[in-house]
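Read the structure below first, then the notes.
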Amino acid sequence: MILTTRFFVALFLLFPLFTKNIAFAEEYAVPHSGSPYLPLDDLQNNEILHIPTGLKVSFDQMQNAISSSKVIYIGETHDNIEAHRAQLEIIKDLSRRFPEKISVGMEMFRRSAQQDLDKWNNGELSLDQFKKLFRKNWGNGYTLYKAIFDFINKNNVPLLGLKPSKKIEDQFRNNKPSDQNNLPKIDFNDRYHRPFSMSIFGGHQAMEKPYRMLLLWEETMAQTVADFLIDPRNINSKLVILTGGFHVQYGFGIPKRAFRRVPHSYSIVLPTVTELPAELKDREMDVQHVSIPLYSGDYAWKLPYKILPESKVKLGVILENSKNTVRIKSVSANSNAERAGLKDGDLL
Numbered sequence: 001m002i003l004t005t006r007f008f009v010a011l012f013l014l015f016p017l018f019t020k021n022i023a024f025a026e027e028y029a030v031p032h033s034g035s036p037y038l039p040l041d042d043l044q045n046n047e048i049l050h051i052p053t054g055l056k057v058s059f060d061q062m063q064n065a066i067s068s069s070k071v072i073y074i075g076e077t078h079d080n081i082e083a084h085r086a087q088l089e090i091i092k093d094l095s096r097r098f099p100e101k102i103s104v105g106m107e108m109f110r111r112s113a114q115q116d117l118d119k120w121n122n123g124e125l126s127l128d129q130f131k132k133l134f135r136k137n138w139g140n141g142y143t144l145y146k147a148i149f150d151f152i153n154k155n156n157v158p159l160l161g162l163k164p165s166k167k168i169e170d171q172f173r174n175n176k177p178s179d180q181n182n183l184p185k186i187d188f189n190d191r192y193h194r195p196f197s198m199s200i201f202g203g204h205q206a207m208e209k210p211y212r213m214l215l216l217w218e219e220t221m222a223q224t225v226a227d228f229l230i231d232p233r234n235i236n237s238k239l240v241i242l243t244g245g246f247h248v249q250y251g252f253g254i255p256k257r258a259f260r261r262v263p264h265s266y267s268i269v270l271p272t273v274t275e276l277p278a279e280l281k282d283r284e285m286d287v288q289h290v291s292i293p294l295y296s297g298d299y300a301w302k303l304p305y306k307i308l309p310e311s312k313v314k315l316g317v318i319l320e321n322s323k324n325t326v327r328i329k330s331v332s333a334n335s336n337a338e339r340a341g342l343k344d345g346d347l348l
């Protein structure tokens, strides 16, 4: 009996030393892509799931819960009309609960656009000028966000730009130090962020530069959140973040990087599509499964996938022919080409 007891004690003590070589990744992963109790496929459209408990909740119940958070992250599929409807409903309800205490930060604008965004907030920028600002920072797609812009402008909700300036991106891409030393501190070593991101990029070594740019974007957006939190003018205010779901899913993108700078309460709401319409099946991505031992978010809001008429996926480049070659003349902001690391002047 003593020998047996000692054997199990020794095994227990030694177990952590050997677990690195035991393939337990799937066992320790949260099932159903981060929803442990209920596959999101089982939800009906417009049902809301509290992911950690697997309990379905009403919109009001979700709002009651997230209202205690300082920052509310709402993901999106950029071209899904329904995702933007959900975002607007959340913003409207929070604005009703906390009049003049809500700000909205958007991935679609750069930090360098803040002066113009402030002018727009103050009624000093015309609609045409604002549309041009949107196109300059993001590209096409203003119509998708029009209802959100109309509401926050009418109700004097401050709008914040999140992404780094083009200048900062170029300095980072070319490994040049910033003149103003305003590159954010970047965590390159999150054990789950990298494999998950590279599974989207395809896992190729050639995708290292786009991955580094992704980190710059997320760290800069996180720094913008932190700047809001430490500003004494915002002590009683809340910040709603609108960004691609990839940047907030599992929490290791913007949320963790903002929390690293300034610990705070936050909630992650994921407008979720589990099946594409037959006519949009070509938009499905073949992504290698990666086991992640994390909840995908706090709430999943099941939605249909609806796009604007004639909306098509575009590379986002203007090409020119030159001496039997094809050269990229310009790359649109936040386009698929920019995400792939293509630059003005590249030869195809």
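Heads up, the sequence shown is in UniProt numbering, so the first residue is 1 and it goes up one at a time.
C-beta atoms are modelled at their ideal positions from N, C-alpha and C, and glycine is treated no differently.
Opening and closing residue of the alpha helix (DSSP H) in which residue i lies
i: histidine 193; result: 193 to 201
i: proline 255; result: 254 to 261
i: tyrosine 266; result: Counting along the chain, tyrosine 266 falls outside any alpha helix (DSSP H), though it belongs to the beta strand (DSSP E) covering 266 to 272.
i: isoleucine 148; result: 142 to 154
i: tyrosine 73; result: Note, tyrosine 73: premise wrong, no alpha helix (DSSP H); beta strand (DSSP E) at 71 to 74.
i: glutamate 100; result: It is not in any alpha helix (DSSP H) - glutamate 100 carries neither H nor E in the DSSP assignment.
i: threonine 77; result: Here threonine 77 belongs to no alpha helix (DSSP H), and DSSP marks it neither H nor E.
i: valine 225; result: 208 to 230
i: asparagine 121; result: 114 to 121
i: leucine 280; result: First-last for leucine 280: undefined, no H or E at that position.
i: lysine 130; result: Looking at the sequence shown, residue 130 is not lysine but phenylalanine. Here the alpha helix (DSSP H) through phenylalanine 130 covers 127 to 137.
CA-to-CA distance, residue j to residue i, given in whole angstroms
i: aspartate 187; j: arginine 261; result: 11 Å
i: threonine 272; j: glycine 244; result: 12 Å
i: serine 332; j: asparagine 156; result: 30 Å
i: isoleucine 124; j: aspartate 116; result: Looking at the sequence shown, residue 124 is not isoleucine but glutamate. Roughly 9 Å between the two C-alpha positions.
i: leucine 88; j: alanine 147; result: 8 Å
i: alanine 337; j: threonine 220; result: 20 Å
i: leucine 127; j: tyrosine 142; result: 11 Å
i: glutamate 100; j: asparagine 121; result: 13 Å
i: aspartate 298; j: glutamine 63; result: 12 Å
i: proline 309; j: arginine 85; result: 16 Å
i: alanine 113; j: tyrosine 37; result: 42 Å
i: isoleucine 81; j: glutamate 107; result: 17 Å
i: serine 68; j: phenylalanine 252; result: 21 Å
i: isoleucine 22; j: aspartate 190; result: With a pLDDT of only 35 at isoleucine 22, under 50, the local geometry of the prediction cannot be trusted, and no value is derived from it.
i: serine 165; j: proline 232; result: 25 Å
i: glycine 316; j: glutamate 284; result: 19 Å
i: glutamine 223; j: leucine 183; result: 10 Å
i: tyrosine 145; j: tyrosine 295; result: 28 Å
i: isoleucine 152; j: asparagine 234; result: 17 Å
i: methionine 198; j: serine 291; result: 13 Å
i: valine 240; j: alanine 83; result: 15 Å
i: arginine 173; j: proline 210; result: 9 Å
i: phenylalanine 98; j: valine 71; result: 13 Å
i: serine 168; j: histidine 289; result: Residue 168 is actually isoleucine in this sequence, not serine. One C-alpha to the other measures close to 33 Å.
i: leucine 160; j: leucine 40; result: 32 Å
DSSP state of residue i mapped onto helix, strand, coil
i: tryptophan 301; result: strand
i: glutamate 107; result: strand
i: serine 33; result: helix
i: serine 332; result: coil
i: isoleucine 51; result: coil
i: glycine 161; result: strand
i: valine 240; result: strand
i: isoleucine 90; result: helix
i: tyrosine 295; result: coil
i: isoleucine 307; result: coil
i: lysine 56; result: strand
i: alanine 25; result: In this prediction, alanine 25 scores a pLDDT of 44, lower than 50, which makes its location untrustworthy; no coordinate-derived value is stated.
i: isoleucine 235; result: coil
i: isoleucine 168; result: helix
i: isoleucine 318; result: strand
i: isoleucine 186; result: coil
i: asparagine 324; result: Below a pLDDT of 50, predicted positions are generally treated as unreliable, and asparagine 324, at 49, falls in that range; the measurement from the model is reported next regardless. Correct three-state label for asparagine 324: coil.
i: asparagine 64; result: helix
i: glutamate 124; result: coil
i: glycine 245; result: helix
i: aspartate 42; result: helix
i: residue 361; result: Residue 361 lies beyond the range of the chain shown here (1 to 348); nothing can be said about it.
i: glycine 345; result: coil
i: alanine 337; result: helix
Practice task
Count the CB pairs spanning the stretch 43 to 60 and the stretch 226 to 245 that are closer than 8 Å, and state whether there are at least three.
Solution key: no
Problem - contact_flag[the stretch 67 to 76, the stretch 231 to 250] where n(CB pairs < 8 Å) is 3 or more - result: Yes: the two stretches touch, three or more of their Cβ pairs being nearer than 8 Å.
Exercise for the section: May I ask you to verify whether the stretch 299 to 308 touches the stretch 267 to 281, counting CB pairs closer than 8 Å and requiring at least 3? Expected result: yes
Exercise for the section: Give a yes or no on contact between the stretch 122 to 142 and the stretch 204 to 218, applying the rule of three or more CB pairs nearer than 8 Å. Expected result: no
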